[in-house]
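Before any comments, here is the structure.
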Amino acid sequence: MAETLFIPTDTNRAEVYEALFPQIEALIADESDLTANLANITAVLKEALGFFWVGFYVVKEGQLVLGPFQGPIACTRIPFHKGVCGASYTRAETILVPDVELFPGHIACSSASRSEIVVPVFHRNGIVAMVLDVDSDQLNDFSETDRAALEKIASLITGKL
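For the sequence shown, my numbering puts the final residue at 198, and the numbers step up evenly by one.
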């Protein structure tokens, strides 16, 4: 188990993600508890990249229910048809939102959130098990680099389901 995190400084976001992948893999490799793994992944992303909010919404009781997260308090339950998280779940695809004010039906859990990316995490059978939600307090903070990296992290979680 890793107890420290190596975060490269004076580098771009793609290089930070590249440095994080093997650390996240090592962190979750020998741990079978899903909640512990999700909690550590959110901590890594928040600490390394300084996002405003990072967390998981898990499919439970016919809706998305708040799971492990880092950041200010959040919406506890999200219907499948609401907000960016619901759209990602329903479409089973990553949704990148440069300006949350322009996303129809955006749920404002925090008025400080300005842009967002939500990545579905799939069971091995291809059904969405949860979504990884990352918010920024900056407009247009996410790119295709974030999409690719967060989808790769989501695939690590699929391997643990």
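Note that the Cβ used here is the ideal one computed from N, Cα and C, for glycine as well.
Only a predicted model underlies this, so the values are computations on that prediction, with no experimental measurement involved.
- For Phe-58, the enclosing alpha helix (DSSP H) starts and ends at 50-66.
- Between the stretch 97-106 and the stretch 174-192, the count of Cβ pairs shorter than 8 angstroms is below three; the stretches do not touch.
- One Cα belongs to Ser-192, the other to Ser-148, and the distance between them is close to 30 angstroms.
- For Lys-97, the uninterrupted beta strand (DSSP E) run begins and ends at 90-97, by DSSP.
- Going by DSSP, Glu-153 is part of no alpha helix (DSSP H) but of the beta strand (DSSP E) stretching over 152-159.
- By the neighbour-count criterion, in which a residue is buried when 16 or more other Cβ atoms sit within 10 angstroms of its Cβ, Pro-157 is buried.
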